[in-house]
Amino acid sequence: GTRIIYDRKFLLECRSSP
Amino acid sequence: QVVASPDQYVKHPLQNRWALWYFKNDKSKGWTENLRLISKFDTVEDFWALYNHIQQPSKLGFGCDYCLFKDGIKPMWEDDRNKLGGRWLMTLNKQQRHNDLDRFWMETLLCLVGESFDEASDDVCGAVVNVRPKGDKISIWTSNCQNRDAIMTIGQLYKDRLNIPIKAMLGYQSHDDTSSKSGSTTKNMYSV
Numbered sequence: 006g007t008r009i010i011y012d013r014k015f016l017l018e019c020r021s022s023p
Numbered sequence: 002q003v004v005a006s007p008d009q010y011v012k013h014p015l016q017n018r019w020a021l022w023y024f025k026n027d028k029s030k031g032w033t034e035n036l037r038l039i040s041k042f043d044t045v046e047d048f049w050a051l052y053n054h055i056q057q058p059s060k061l062g063f064g065c066d067y068c069l070f071k072d073g074i075k076p077m078w079e080d081d082r083n084k085l086g087g088r089w090l091m092t093l094n095k096q097q098r099h100n101d102l103d104r105f106w107m108e109t110l111l112c113l114v115g116e117s118f119d120e121a122s123d124d125v126c127g128a129v130v131n132v133r134p135k136g137d138k139i140s141i142w143t144s145n146c147q148n149r150d151a152i153m154t155i156g157q158l159y160k161d162r163l164n165i166p167i168k169a170m171l172g173y174q175s176h177d178d179t180s181s182k183s184g185s186t187t188k189n190m191y192s193v
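Which chain is which? The protein sequence lines are A and B, in order.
For this note's numbering, add 5 to where a residue sits in the first sequence, where the first one is 1.
For this note's numbering, add 1 to where a residue sits in the second sequence, where the first one is 1.
Right, dumping it as structure tokens:
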């Protein structure tokens, strides 16, 4: 099946977005 | 008329739902009574909302732990999905509490929620940070200590991700050995 993967760059961007 | 793109309001789903636990060392209570579920989450946004809201490990008192485990797995050896497994264990020295503890723990959480270990991510049960006077510890728990390939993948990718110097050795111990150790040290089944 598919796996939902997030790299650290994306995760950190999500942290700072409003 | 302005229409927001889904990316702006749809939360980003995680592969797994996770539960964050907190263990406070209160000697007057039993071990399991001291273990508290803080909250569960299954999106990136809810992860950050929780993470930004709680104390960093370096601010916790001695004897306290944070545990992040897949929903349905209790953060203890006895849980059915832990009892055949083990953990990659990183022991930190006292100076590292100031310099490394908090950033290593955040990186560990990002590895888990982001499924950073390819197929081996399925073997991950959770992670624990123990704040201790003699030296803090961070560990990643996996479900089966015999799954050598998955365990080595996790260990190697984790070591790379934390940028730990090559010579610093990371050891993997089975929970069985850890729980039945006679001496002060537990033998490593694997190391990277």
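Glycine included, every Cβ here is placed at the ideal spot set by N, Cα and C.
Outcome for residue i when other beta-carbon atoms lying within 10 angstroms are tallied against a minimum of 16
i, result
"B:E79", "exposed"
"B:R88", "buried"
"B:Y67", "buried"
"B:P134", "exposed"
Per-residue DSSP class, three states only, for residue i
i, result
"A:R4", "As shown, chain A starts at 6 and ends at 23. That puts residue 4 of chain A outside it, with no answer to give."
"B:F63", "coil"
"B:G156", "helix"
"B:V114", "helix"
"B:K138", "strand"
"B:N100", "helix"
"A:S21", "helix"
"B:P14", "strand"
"B:T186", "coil"
Close Cβ partners of residue i (< 6 angstroms) along its chain, the five nearest in sequence each way excluded
i, result
"B:S144", "R82, G86, D124 and C126"
"B:Q212", "Here chain B covers residues 2 to 193 and nothing more, so residue 212 of chain B does not appear."
Cβ-Cβ distance between residue i and residue j below 9 angstroms
i, j, result
"B:E116", "A:R8", "yes"
"B:S175", "B:M153", "no"
"B:L163", "A:L16", "no"
"B:G62", "B:N100", "no"
"B:L171", "B:I165", "yes"
"B:A151", "B:W142", "no"
"B:D72", "B:D43", "yes"
Residues near residue i in its chain [Cβ-Cβ closer than 7 angstroms; skip 5 each side]
i, result
"B:L38", "A20 and W22"
"B:N148", "D124"
Residues of its chain near residue i, where Cβ-Cβ distance is below 8 angstroms and the 5 sequence neighbours each way are ignored
i, result
"B:K188", "Q174 and D178"
Report yes or no: do the segment 44-54 of chain B and the segment 4-17 of chain B share at least 3 C-beta pairs separated by less than 8 angstroms? The segment 44-54 of chain B is in contact with the segment 4-17 of chain B.
Under 8 angstroms, with one C-beta from each stretch per pair, do the segment 90-97 of chain B and the segment 27-38 of chain B reach the 3-pair mark? No, they do not touch.
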